[in-house]
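Colleague: The structure is given below, and queries will be raised subsequently.
Protein chains: 2
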Amino acid sequence: MPATPRRVTQRDIARLAGVSQATVSLVLNNRADADVRIAPETRDRVLRVIAETGYAADPVARRLAARFNRIIGVFTYEPAFPSGSRDFFHPFLLGIEEYAERVGCDLLLFTSAPVVDGRRRIFHQDNRLRLADGCILLGQEIDGEELHRLNRDGYPYVAVGRRDDAGGPVPYVGADYATAVRRLVEMALDRGHRRLTYLGMGITAESSEDRRRGYLAAAAAAESARHRSATAADAETVLDDLLADRSTVAFVEDFATVVALERAARRRGLAVPRDLSLLSLGDPTVPVPTDLAFTGFRIPREEMGRQAVEVLARVIDGSASDVPQRLLPCELVEGDTLGTPGQAAGRP
Amino acid sequence: MPATPRRVTQRDIARLAGVSQATVSLVLNNRADADVRIAPETRDRVLRVIAETGYAADPVARRLAARFNRIIGVFTYEPAFPSGSRDFFHPFLLGIEEYAERVGCDLLLFTSAPVVDGRRRIFHQDNRLRLADGCILLGQEIDGEELHRLNRDGYPYVAVGRRDDAGGPVPYVGADYATAVRRLVEMALDRGHRRLTYLGMGITAESSEDRRRGYLAAAAAAESARHRSATAADAETVLDDLLADRSTVAFVEDFATVVALERAARRRGLAVPRDLSLLSLGDPTVPVPTDLAFTGFRIPREEMGRQAVEVLARVIDGSASDVPQRLLPCELVEGDTLGTPGQAAGRP
DNA sequence: CGTCACTGCTAATACGTATTAGCACGCCGG
DNA sequence: CCGGCGTGCTAATACGTATTAGCAGTGACG
Numbered sequence: 001m002p003a004t005p006r007r008v009t010q011r012d013i014a015r016l017a018g019v020s021q022a023t024v025s026l027v028l029n030n031r032a033d034a035d036v037r038i039a040p041e042t043r044d045r046v047l048r049v050i051a052e053t054g055y056a057a058d059p060v061a062r063r064l065a066a067r068f069n070r071i072i073g074v075f076t077y078e079p080a081f082p083s084g085s086r087d088f089f090h091p092f093l094l095g096i097e098e099y100a101e102r103v104g105c106d107l108l109l110f111t112s113a114p115v116v117d118g119r120r121r122i123f124h125q126d127n128r129l130r131l132a133d134g135c136i137l138l139g140q141e142i143d144g145e146e147l148h149r150l151n152r153d154g155y156p157y158v159a160v161g162r163r164d165d166a167g168g169p170v171p172y173v174g175a176d177y178a179t180a181v182r183r184l185v186e187m188a189l190d191r192g193h194r195r196l197t198y199l200g201m202g203i204t205a206e207s208s209e210d211r212r213r214g215y216l217a218a219a220a221a222a223e224s225a226r227h228r229s230a231t232a233a234d235a236e237t238v239l240d241d242l243l244a245d246r247s248t249v250a251f252v253e254d255f256a257t258v259v260a261l262e263r264a265a266r267r268r269g270l271a272v273p274r275d276l277s278l279l280s281l282g283d284p285t286v287p288v289p290t291d292l293a294f295t296g297f298r299i300p301r302e303e304m305g306r307q308a309v310e311v312l313a314r315v316i317d318g319s320a321s322d323v324p325q326r327l328l329p330c331e332l333v334e335g336d337t338l339g340t341p342g343q344a345a346g347r348p
Numbered sequence: 001m002p003a004t005p006r007r008v009t010q011r012d013i014a015r016l017a018g019v020s021q022a023t024v025s026l027v028l029n030n031r032a033d034a035d036v037r038i039a040p041e042t043r044d045r046v047l048r049v050i051a052e053t054g055y056a057a058d059p060v061a062r063r064l065a066a067r068f069n070r071i072i073g074v075f076t077y078e079p080a081f082p083s084g085s086r087d088f089f090h091p092f093l094l095g096i097e098e099y100a101e102r103v104g105c106d107l108l109l110f111t112s113a114p115v116v117d118g119r120r121r122i123f124h125q126d127n128r129l130r131l132a133d134g135c136i137l138l139g140q141e142i143d144g145e146e147l148h149r150l151n152r153d154g155y156p157y158v159a160v161g162r163r164d165d166a167g168g169p170v171p172y173v174g175a176d177y178a179t180a181v182r183r184l185v186e187m188a189l190d191r192g193h194r195r196l197t198y199l200g201m202g203i204t205a206e207s208s209e210d211r212r213r214g215y216l217a218a219a220a221a222a223e224s225a226r227h228r229s230a231t232a233a234d235a236e237t238v239l240d241d242l243l244a245d246r247s248t249v250a251f252v253e254d255f256a257t258v259v260a261l262e263r264a265a266r267r268r269g270l271a272v273p274r275d276l277s278l279l280s281l282g283d284p285t286v287p288v289p290t291d292l293a294f295t296g297f298r299i300p301r302e303e304m305g306r307q308a309v310e311v312l313a314r315v316i317d318g319s320a321s322d323v324p325q326r327l328l329p330c331e332l333v334e335g336d337t338l339g340t341p342g343q344a345a346g347r348p
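Line by line, the protein sequences are chains A and B. Going by the UniProt record's numbering, the first residue of the first sequence is number 1, and it counts up by one from there. Going by the UniProt record's numbering, the first residue of the second sequence is number 1, and it counts up by one from there.
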């Protein structure tokens with residue numbers, strides 16, 4: 001492999017066309033301001049040479065001079081393409097890619113970020129954030145200190161998912177979990193449920209907090225509204241607990257857990273929703289085989305991705321008046337797992 | 001949003017540490033050659049200032065000066081994150097990301113490339129290829145002219161999947177379809193099959209050509225070895241055709257088609273592999289529901305992605321002696337759809 | 001005391017583009 | 001013939017980093 005032949009530059013074009021490098025740049029950028037004029041024949045000559053040589057501007061040099069790149073960074077706190085085939089990031093990326101394509105931006109995945117304590121770090125030696133004009137942050141839990149630093153540095157970014165303040169408000173495009181969960185609770189109350197249990201994932205992410213907040217706000221009207229954490233592996237003991245408490249409906253944050261619960265119930269001869277209603281608080285992020293349509297809501301992941309790019313573009317070009325924060329509504333899914341309490345009593 | 005405060009540069013560090021910008025650069029790059037020496041105390045002073053200010057080198061400027069970016073471009077001829085979870089690219093991207101992370105490179109997805117005639121184009125005005133040190137090309141069919149141009153420009157790239165010459169040999173990491181198909185044909189012949197049919201996808205991609213070549217090479221020993229194209233929608237007429245020809249085994253390129261064929265056979269009271277053997281020439285690229293384990297082979301997509309990055313890295317740093325071309329073996333899958341011909345005759 | 005080698009640093013320049021101040025020229029009006 | 005103005009372009013510079021030639025200072029050695 002021979003040393004890369006030096007690429008064609010504006011200087012080369014200039015020499016061939018008998019003009020200055022500046023003129024080439026002016027022609028390329030179609031400048032026609034009052035104080036910049038190029039004779040049509042000169043312009044044509046330059047354009048002809050450009051076409052002949054197949055010249056293409058070096059985006060790196062362009063960025064250094066112009067301060068903009070048309071590159072949008074994407075930082076994921078976990079690998080962007082996990083091996084589990086159905087993955088958490090995919091719908092977001094889909095939306096991000098779609099909108100990036102629309103606005104003519106390339107996407108830079110920060111795969112070079114080193115992993116410390118099982119999590120990628122944005123900031124490290126030889127930090128490369130500035131390669132992009134701005135950055136989209138993806139991940140369930142985002143490090144507060146890193147957000148602080150981003151804010152301090154004035155680096156343009158948008159988080160996907162609502163974030164608490166971190167040395168100032170954090171720009172985000174999130175999903176309105178609180179409202180969605182509140183609606184589900186109200187639906188359950190409407191159907192006559194009085195003893196509720198919320199089964200969280202036991203993590204401290206804002207997304208979890210918002211769901212819980214929505215639950216607590218609406219569940220005040222219930223006779224009993226408990227709250228505990230649960231995983232799929234716990235299914236058996238959790239089910240014991242639900243029965244002991246005479247809860248008639250459970251709001252389950254994690255999809256795998258709700259599937260495991262239903263299966264555990266079936267094994268004991270209990271039917272969903274006849275004997276127990278199960279609501280899912282978000283669609284699956286890992287592939288869990290089930291043929292049951294769970295009642296719950298859908299997270300507008302794709303749309304979140306799209307809007308994140310849109311918002312970021314405005315942060316970058318400075319047209320965002322203040323810190324943009326958007327919450328998108330979650331669509332309720334009418335499944336088959338919400339019934340009325342005491343349905344079982346009717347037919348013993 | 002206030003105007004971005006000017007970022008900290010080496011000049012700032014230099015001023016604060018009372019040295020020159022060059023010294024800062026030398027310290028940063030840990031230069032300790034014979035002809036470059038920095039006193040330990042000076043080095044420490046500079047490093048201290050760097051730590052205090054949180055300075056991070058501008059990767060754009062670095063690239064302009066150093067000619068390398070540690071950015072690997074990824075060009076996909078279709079959107080990288082397709083919506084019908086039909087994700088052809090995913091396993092490749094997974095391998096690419098994994099290896100990129102390992103070698104400390106970021107990944108640039110060329111989403112800005114415009115779509116003309118339903119296909120993205122690498123070359124267009126304001127072509128941004130040079131942002132990356134090199135590029136990985138993904139897509140079943142890759143435009144020959146664009147490969148020509150890449151070769152001519154001396155741009156470092158690697159195609160995923162074997163490619164025919166295009167104004168010179170094309171660097172690639174592909175799958176050895178020819179050998180895999182040949183093995184399957186030999187297996188079928190061993191089991192006593194004598195009348196074979198190959199069902200292709202009717203596209204001109206190299207991957208298709210290689211499968212067909214492997215088939216033709218090994219099928220010479222058969223009594224009848226036909227070749228035609230078929231899609232899932234054709235299943236019924238294709239089945240008629242197979243029966244009329246008394247073919248006992250079909251080699252099916254497209255996974256959806258093989259699934260449709262089996263279903264069509266079942267509808268007619270025929271069993272696979274008792275009455276007809278069906279071999280799949282590659283794992284699914286679209287999710288097709290089936291509970292049958294097809295005999296065939298698996299394409300090492302993830303490994304292809306990994307090795308593509310590895311090879312590209314060597315092309316970029318010039319350590320690839322000649323044009324690298326690798327074919328990875330496909331793992332044979334022992335499924336339940338290859339039987340012996342005339343199995344049915346035994347029990348009418 | 002001149003020469004030489006060695007140390008530790010800096011000045012200068014390159015990378016390729018974008019921008020801006022301003023030059024040279026021709027033309028017109030007075 | 002001079003001032004003024006519009007036209008069409010160029011020279012110079014900035015962007016932030018990497019590299020290299022070479023300078024000043026010091027000590028050793030003949």
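We put the beta carbon where it would ideally sit given N, CA and C, even for glycine. Remember, it's a predicted structure, so these values are computed and weren't measured experimentally.
In three-state DSSP terms, what is tyrosine 198 of chain B?
Modeller: In the second sequence, counting from the first residue as 1, residue 198 of chain B sits at position 198. In this structure, tyrosine 198 of chain B counts as strand in the three-state DSSP scheme.
Colleague: Would you mind giving the Cβ-Cβ distance between glycine 139 of chain A and asparagine 151 of chain A, rounded to the nearest angstrom? I have them listed as a contact below 8 Å.
Modeller: In the first sequence, the residue the question calls residue 139 of chain A occupies position 139. In the first sequence, the residue the question calls residue 151 of chain A occupies position 151. Contact flag wrong, Cβ pair sits at about 17 Å.
Colleague: Closest to valine 238 of chain B by CA distance: which of B:Ala218, B:Thr197, B:Ala100 is it?
Modeller: As a first step, residue 238 of chain B is located in the second sequence; it is residue number 238 there, counting from the start. That would be B:Thr197, whose Cα lies nearest to the Cα of valine 238 of chain B.
Colleague: Is the CB-CB distance between alanine 57 of chain A and leucine 16 of chain A below 8 Å?
Modeller: Indexing the first sequence from 1 puts residue 57 of chain A at position 57. Indexing the first sequence from 1 puts residue 16 of chain A at position 16. No, these two residues do not count as a Cβ contact at 8 Å.
Colleague: Tell me the rounded alpha-carbon separation between arginine 121 of chain B and proline 59 of chain A.
Modeller: Reading the second sequence from its first residue, position 121 is the one you call residue 121 of chain B. Reading the first sequence from its first residue, position 59 is the one you call residue 59 of chain A. Rounded to the nearest angstrom, the two C-alpha atoms are 17 Å apart.
Colleague: Look at the Cβ atom of glycine 282 of chain B, then the Cβ atom of phenylalanine 251 of chain B, and state whether they are nearer than 8 Å.
Modeller: Here the question's residue 282 of chain B lines up with position 282 in the second sequence. Here the question's residue 251 of chain B lines up with position 251 in the second sequence. Cβ atoms of glycine 282 of chain B and phenylalanine 251 of chain B: not closer than 8 Å.
Colleague: Any beta carbon of chain B sitting closer than 8 Å to that of arginine 267 of chain A?
Modeller: The residue labelled residue 267 of chain A in the question sits at position 267 within the first sequence. No, arginine 267 of chain A lies away from the interface with chain B (no Cβ there is under 8 Å from its Cβ).
Colleague: Which whole-angstrom value describes the C-beta separation of arginine 128 of chain A and aspartate 164 of chain B, a residue pair presumed to lie in contact below a C-beta threshold of 8 Å?
Modeller: Start at 1 with the first residue of the first sequence, and residue 128 of chain A comes out as number 128. Start at 1 with the first residue of the second sequence, and residue 164 of chain B comes out as number 164. Actually they do not touch by this definition, with Cβ atoms about 36 Å apart.
Colleague: Of the choices A:Ile13, A:Asn30, A:Leu338, whose alpha-carbon is the least far from that of glycine 192 of chain A?
Modeller: Within the first sequence, the letter at position 192 stands for residue 192 of chain A. For the residues A:Ile13, A:Asn30, A:Leu338, the minimum Cα distance to glycine 192 of chain A belongs to A:Leu338.
Colleague: On the DSSP bridge list, what partners appear for tyrosine 55 of chain B?
Modeller: Translated into the one-based positions of the second sequence, residue 55 of chain B becomes position 55. According to DSSP, which records beta bridges pairwise, tyrosine 55 of chain B is partnered with nothing at all.
Colleague: Flag serine 112 of chain B as yes if its beta-carbon sits less than 8 Å from any beta-carbon of chain A, otherwise no.
Modeller: The count along the second sequence starts at 1 and reaches residue 112 of chain B at position 112. Yes, because at least one Cβ of chain A sits closer than 8 Å to the Cβ of serine 112 of chain B.
Colleague: Since I believe alanine 293 of chain A is in contact with aspartate 240 of chain A (beta carbons under 8 Å), could you give me their beta-carbon distance rounded to a whole number of angstroms?
Modeller: Here the question's residue 240 of chain A lines up with position 240 in the first sequence. Here the question's residue 293 of chain A lines up with position 293 in the first sequence. Incorrect: roughly 26 Å between the Cβ atoms, too far for contact.
Colleague: Put tyrosine 155 of chain B into one of helix, strand or coil per three-state DSSP.
Modeller: One-based indexing of the second sequence puts residue 155 of chain B at position 155. Three-state result, tyrosine 155 of chain B: coil.
Colleague: If the criterion is Cβ atoms closer than 8 Å, does the pair phenylalanine 92 of chain A and valine 160 of chain A meet it?
Modeller: Counted from its first residue, the first sequence places residue 92 of chain A at position 92. Counted from its first residue, the first sequence places residue 160 of chain A at position 160. Their beta carbons are under 8 Å apart, which means phenylalanine 92 of chain A touches valine 160 of chain A by this criterion.
Colleague: Could you have a look at isoleucine 38 of chain A and say whether DSSP puts it in helix, strand or coil?
Modeller: In the first sequence, the residue the question calls residue 38 of chain A occupies position 38. Note: isoleucine 38 of chain A maps to coil in three-state DSSP.
Colleague: The beta strand (DSSP E) with serine 112 of chain B in it runs from where to where?
Modeller: Along the second sequence, read from residue 1 onward, the residue named residue 112 of chain B stands at position 112. Taken as a continuous stretch (DSSP letters only), serine 112 of chain B belongs to no beta strand (DSSP E), as it is neither H nor E.
Colleague: Go through its chain and collect everything with a Cβ distance to aspartate 176 of chain B's Cβ below 7 Å, but skip five positions before and after it.
Modeller: Here the question's residue 176 of chain B lines up with position 176 in the second sequence. Excluding residues within five positions, the ones whose Cβ falls inside 7 Å are Leu327, Leu328, Pro329, Cys330.
Colleague: For arginine 313 of chain B and glutamate 101 of chain A, I'd like the C-alpha separation in whole angstroms.
Modeller: The sequence position of residue 313 of chain B within the second sequence is 313, counting from 1. The sequence position of residue 101 of chain A within the first sequence is 101, counting from 1. Contrary to the premise, residue 313 of chain B reads as alanine rather than arginine in this sequence. Cα to Cα, the separation comes out at about 27 Å.
Colleague: In angstroms, rounded to a whole number, what distance separates the CA positions of proline 324 of chain A and alanine 178 of chain B?
Modeller: Looking up residue 324 of chain A in the first sequence gives position 324. Looking up residue 178 of chain B in the second sequence gives position 178. Whole-angstrom Cα-Cα distance: 55 Å.
Colleague: Have a look at A:Ala14, A:Pro156, A:Gly269, A:Ile38 and flag the residue whose alpha-carbon is nearest the alpha-carbon of isoleucine 316 of chain A.
Modeller: Residue numbering aside, residue 316 of chain A sits at position 316 when the first sequence is read from its first letter. Nearest option by C-alpha distance: A:Pro156.
Colleague: Mind checking proline 300 of chain B: buried by the 16 CB within 10 Å criterion, or exposed?
Modeller: By one-based count along the second sequence, residue 300 of chain B stands at place 300. Buried, by the Cβ-count rule.
Colleague: Can you list the residues of chain B that glycine 104 of chain A reaches, using a CB-CB cut of under 9 Å?
Modeller: In the first sequence, counting from the first residue as 1, residue 104 of chain A sits at position 104. Result: Thr111, Ser112, Pro114, Asp126.
Colleague: Where does serine 20 of chain A land, buried or exposed, given buried means 16+ other C-beta within 10 angstroms?
Modeller: For this step, residue 20 of chain A is matched to residue 20 along the first sequence. So serine 20 of chain A ends up on the exposed side.
Colleague: Using a Cβ-Cβ distance cut-off of 8 Å, determine whether glutamate 101 of chain A contacts chain B.
Modeller: Locating residue 101 of chain A in the first sequence gives position 101, counting from the first residue. At least one chain B Cβ lies under 8 Å of glutamate 101 of chain A.
Colleague: Counting only Cβ-Cβ distances shorter than 9 Å, please list the residues of the segment 168-192 of chain B near chain A, keeping chain order.
Modeller: Residues passing the 9 Å Cβ filter: none.
Colleague: Please list the residues of the segment 42-61 of chain A that have a C-beta atom closer than 8 Å to any C-beta atom in chain B, keeping them in chain order.
Modeller: Of all residues in the segment 42-61 of chain A, Gly54, Ala56, Ala57, Asp58, Pro59, Val60, Ala61 have a Cβ within less than 8 Å of some Cβ in chain B.
Colleague: If threonine 309 of chain A sits next to proline 171 of chain A, beta carbons under 8 Å apart, how far is it from one beta carbon to the other, in whole angstroms?
Modeller: Translated into the one-based positions of the first sequence, residue 309 of chain A becomes position 309. Translated into the one-based positions of the first sequence, residue 171 of chain A becomes position 171. What sits at residue 309 of chain A in the sequence shown is valine, not threonine. Not really, about 12 Å apart at Cβ, beyond 8 Å.
Colleague: On a CA-only basis, which of A:Phe297, A:Leu94, A:Gly134, A:Glu41 is nearest glycine 318 of chain A? Give me that one, please.
Modeller: Sequence index remark: in the first sequence, residue 318 of chain A carries index 318 (1-based). For the residues A:Phe297, A:Leu94, A:Gly134, A:Glu41, the minimum Cα distance to glycine 318 of chain A belongs to A:Gly134.
Colleague: What residue range is occupied by the uninterrupted beta strand (DSSP E) comprising serine 25 of chain B?
Modeller: Here residue 25 of chain B refers to the residue found at position 25 when the second sequence is read from its first residue. Counting along the chain, serine 25 of chain B falls outside any beta strand (DSSP E), though it belongs to the alpha helix (DSSP H) covering 21-28.
Colleague: Can you name the residues that DSSP bridges to glutamate 331 of chain A?
Modeller: Locating residue 331 of chain A in the first sequence gives position 331, where the first residue counts as 1. Paired residues: A:Arg298.
Colleague: Output the distance between the C-alpha atoms of serine 85 of chain A and aspartate 275 of chain B, rounded to the nearest integer angstrom.
Modeller: As a first step, residue 85 of chain A must be located in the first sequence, where it is residue number 85. As a first step, residue 275 of chain B must be located in the second sequence, where it is residue number 275. Low confidence applies to serine 85 of chain A: its pLDDT is 44, below 50, so where it sits in the model is not reliable, and the reading given next is rough at best. Spanning the two alpha carbons is a distance of roughly 34 Å.
Colleague: DSSP on glutamine 140 of chain A, reduced to helix/strand/coil?
Modeller: For the purposes of this step, residue 140 of chain A is taken as the residue at position 140 of the first sequence. Three-state result, glutamine 140 of chain A: coil.
Colleague: Do phenylalanine 123 of chain A and arginine 162 of chain A have their beta-carbon atoms positioned less than 8 Å apart in this structure?
Modeller: In the first sequence, counting from the first residue as 1, residue 162 of chain A sits at position 162. In the first sequence, counting from the first residue as 1, residue 123 of chain A sits at position 123. Not a contact, by the Cβ cut-off of 8 Å.
Colleague: Could you tell me the alpha carbon to alpha carbon distance between glycine 73 of chain A and tyrosine 99 of chain A, rounded to whole angstroms?
Modeller: What you label residue 73 of chain A is simply residue 73 of the first sequence in a count that begins at 1. What you label residue 99 of chain A is simply residue 99 of the first sequence in a count that begins at 1. Answer to the nearest angstrom: the Cα atoms are 13 Å apart.
Colleague: From what residue to what residue does the beta strand (DSSP E) around histidine 227 of chain B run?
Modeller: Position 227 of the second sequence holds residue 227 of chain B. That run of the beta strand (DSSP E) goes 224-229.
Colleague: Between glutamate 262 of chain A and the rest of its own chain, which residues show a CB-CB distance below 7 Å, the 5 nearest in sequence each way excluded?
Modeller: Working through the first sequence from its first residue, we reach residue 262 of chain A at position 262. Here the set comprises Val272, Leu278, Leu292.
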